[in-house]
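Colleague: Count along the sequence shown starting at 1, add 882, and that's the number in our numbering.
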Amino acid sequence: MTAPQTAAPPRQTLFARLSGANLQQYVVYVGFLAIFLFFAVVLRDSGFLTQRNLVNIILQTAPVTIMAIGLVFALSAGEIDLSIGSTVAVSALAGAMAMAALPQAALLVGIGAGLGTGLLIGLVNGALVAYMRLPSFLVTLATMGLFAGVARSLTQLRSIPVTDPLFTGLFGSGALFGIPSLVIWTLAAVLIGHFVFRQTKYGAHVLATGDNARAAMVTGIKVPRVRLSVFLISGAMAGLAGLLYSGRLQAAKYTLGETDLMTVIAAVIVGGTLLNGGKGSIIGALVGSLMMGMLNNGLILMGLSVSDQMIVRGLIILVAVAVSLRETSR
883 MTAPQTAAPP RQTLFARLSG ANLQQYVVYV GFLAIFLFFA VVLRDSGFLT QRNLVNIILQ
943 TAPVTIMAIG LVFALSAGEI DLSIGSTVAV SALAGAMAMA ALPQAALLVG IGAGLGTGLL
1003 IGLVNGALVA YMRLPSFLVT LATMGLFAGV ARSLTQLRSI PVTDPLFTGL FGSGALFGIP
1063 SLVIWTLAAV LIGHFVFRQT KYGAHVLATG DNARAAMVTG IKVPRVRLSV FLISGAMAGL
1123 AGLLYSGRLQ AAKYTLGETD LMTVIAAVIV GGTLLNGGKG SIIGALVGSL MMGMLNNGLI
1183 LMGLSVSDQM IVRGLIILVA VAVSLRETSR
């Protein structure tokens, strides 16, 4: 006669639940708080906690946050877009050139040319990946170099001034009810992106495609269309980031977005989006972007060089990838 099995003690059950919980989603918030407190103490006499500096961090990270939203969709679908930096530059230059050519309709043609260029690049990337079944890493690595060359050749390495007051006010220096336009664009993109990603059937299809494309196709999801669409979103967000850069700086140059790729990837991965797809977070990407901006700002106030900042960002990406892969292997 076998002894009856006894239920696990409540403490053991609770411990098992906690140990099996996905703690990765909290990493970005803990990291953000830790970095903020560190700089608040170390740089308390250097102006880190001043309102002007904190607002400046938000304004500087606005284009990165916009790009991060697009990359969340791409990574969640199991793809990656390495060409976002080049897309930013080409889109900004296209918008500035269109405004210079048609100053009487500068706002409309600038927006149309900038966003249209981003969508076109996204269409090229998406078509090659979705319908020619080429790896997105190699496709976007190639188009990254291709469009970086296009950006340099468009204006022979010269910057193009953006002087239209409506455009610069809408995408750069303007404000509504005291809220800077860059903050408004960021909040709008985050809210819309989060709603689409979490509350719509399309967002569920993106996650299903990234989790298991074959199973998603069996259930009736049009996987090629989903893959194409995430590159269109990524391209459009990079195009919008280019407009924000040119509006804030009142000029477009081939170097815009050139060094943003590592920062955007770090923000997205630290924010809880998996590299191999199936999981993502728009809110996490926002916090990750602000964390990277705060990190850059604090390191500059500490007097560290650009190379030191790159080293720190690289270490953060390494830690984030390690956490990501550890979670997916469980």
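Every residue, glycine too, gets a C-beta built ideally from N, C-alpha and C.
These numbers come from a predicted model, not from an experiment.
1. Determine, using beta carbons only, whether L1001 and V1146 come nearer to each other than 7 Å.
2. Thinking C-beta only, is G996 closer than 7 Å to A976?
3. Pull up the distance between the alpha-carbon of A903 and that of T969, whole angstroms please.
4. Helix, strand or coil: how does DSSP classify I1115 here?
5. By Cβ distance, which residues of its chain are closer than 6 Å to M1174, with the 5 residues on each side in sequence left out?
6. Are V1100 and A959 touching if we call contact CB-CB under 7 Å?
7. Taking the alpha helix (DSSP H) that D927 belongs to, which residues open and close that run?
8. Taking buried to mean at least 16 other C-beta atoms within 10 Å of its own C-beta, is A1204 buried or exposed?
9. What first and last residue would you give for the alpha helix (DSSP H) that runs through Q1038?
10. Need the endpoints of the alpha helix (DSSP H) that L984 sits in, please.
11. Do S965 and M1026 have their CB atoms nearer than 7 Å?
12. In the DSSP output, what is P1062 paired with across the bridge?
13. Under a three-way DSSP split, which group does A976 fall into?
14. I need the DSSP call for A950, collapsed to helix, strand or coil.
15. Is the beta carbon of G1170 less than 7 Å from the beta carbon of G1159?
16. In this structure, does DSSP put F1077 in helix, strand or coil?
17. Do A974 and Y1127 count as a contact pair if the criterion is CB distance below 7 Å?
18. How many angstroms separate the CA atom of T1037 from the CA atom of A1009?
19. Jot down the residue ranges of each uninterrupted alpha helix (DSSP H) in the region 1161–1201, minimum 4 residues, whole runs only, in chain order.
Modeller: Let me spell this out:
1. no
2. yes
3. At A903 the pLDDT is 44, less than 50, meaning the model places this residue with poor confidence and gives no usable figure here.
4. helix
5. T1145, A1148, A1149
6. No; because the gap between Cβ atoms is not below 7 Å, this pair is not in contact.
7. Membership of D927 in any alpha helix (DSSP H) is not indicated, and neither H nor E is assigned to it by DSSP.
8. exposed
9. Looking at the DSSP string, Q1038 is not in any alpha helix (DSSP H), and its letter there is neither H nor E.
10. It is not in any alpha helix (DSSP H) - L984 carries neither H nor E in the DSSP assignment.
11. yes
12. A1057
13. helix
14. helix
15. no
16. helix
17. yes
18. Take the alpha-carbon of T1037 and the one of A1009: they are about 28 Å apart.
19. Listed in chain order, they are 1164–1183.
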